[in-house]
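Just so we're aligned: 22 in full-length UniProt numbering is position 22 of the sequence shown, and the numbers increase by one with no gaps anywhere.
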Amino acid sequence: MNHPIPPRDEAGAPTAGAHAQPPHHAQGHDGQRPPLLRRLTRLVRHRWSDGAVRKAIPADLLERLTRRVAASERRHTGQIRLCIEGGLPWSYLRRGASPRERAVTLFGKLRVWDTEHNNGVLIYLLLADHAIEIVADRALARTITPQAWHAFIAQMRAAFREERYEDGLTQALAEVSALLVQHFPADDSSAPHEGAAGASPANELPDAPVLLRHGQD
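Structure, rendered in structure tokens:
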């Protein structure tokens, strides 16, 4: 059954995420700077141009990721959305918002919560921070602990730290796909999850990744 509104972190619906910041962006290093300098440093870091985003995530990579999402969704009843953003909008930077807050907002805006089996998953990559966040709807969130999410995201940190974005996103997609196949297989009528199983999974959300430039609220 679909929700009338997106679920919230406090309700336990979206699951935990993590980030993979390079050493010079680590919290301990920034924590030694004066607050104003930390804020200015973050503003500069998030000024990604359209060209820089396209260079990091070129069109051929978007096509490959689209095919991988489509192939994944043929194996389970879940819906996966990839969202890649250069830098946070000014409204987020102004209040010191985290990548996690942005990911949860996009989980709602992209309607990842609005799927038949309540098992949609958003994989969000913030290029400016080399941060990845995984936000999953309530049906999947009930089966995976936050600690498990953090453990598998930690394995991807090296790829994003080294700006190997395709490797990191492909690994994230593979890990999420494996969880969805395990808990929500397309052809297992005995699976103990919400919604009917056994039928061919419907494609409820677009397979193509969402690419957001800096400043898009």
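Just so it is clear, CB atoms sit at the ideal spot from N, CA and C, and this is done for glycine as well.
- Out of Val135, Arg54 and Ser91, the CA that lies nearest to the CA of Gly78 is found in Val135.
- In the structure shown, Pro35 falls within a helical segment according to DSSP collapsed to helix, strand and coil.
- Closest in C-alpha terms to Glu133, from the list His76, Glu85 and Leu93, comes Glu85.
- In this structure, the CA atom of Asp137 is about 22 Å from the CA atom of Gln155.
- In the three-state DSSP reduction, His183 falls in the helix class (H, G or I).
- With at least 16 other beta carbons inside 10 angstroms of its own, Gly120 counts as buried.
- Counting only runs of at least 3 residues, the UniProt domain "TPM" (63-177) fully encloses the following beta strand (DSSP E) elements, listed from N- to C-terminal order: 79-85, 120-126 and 131-136.
- Nearest Cα to His183 within the set Arg75, Arg94 and Pro89: Arg75.
- Leu212 carries a strand assignment under DSSP once its states are collapsed to helix, strand and coil.
- Residues of the same chain with a CB within less than 8 Å of the CB of Tyr92, apart from the 5 flanking positions on each side, are Glu101 and Arg102 in chain order.
- Under a 10 Å Cβ-count criterion, Thr145 is classified as exposed, with fewer than 16 other Cβ atoms of the shown protein chains found around its own Cβ.
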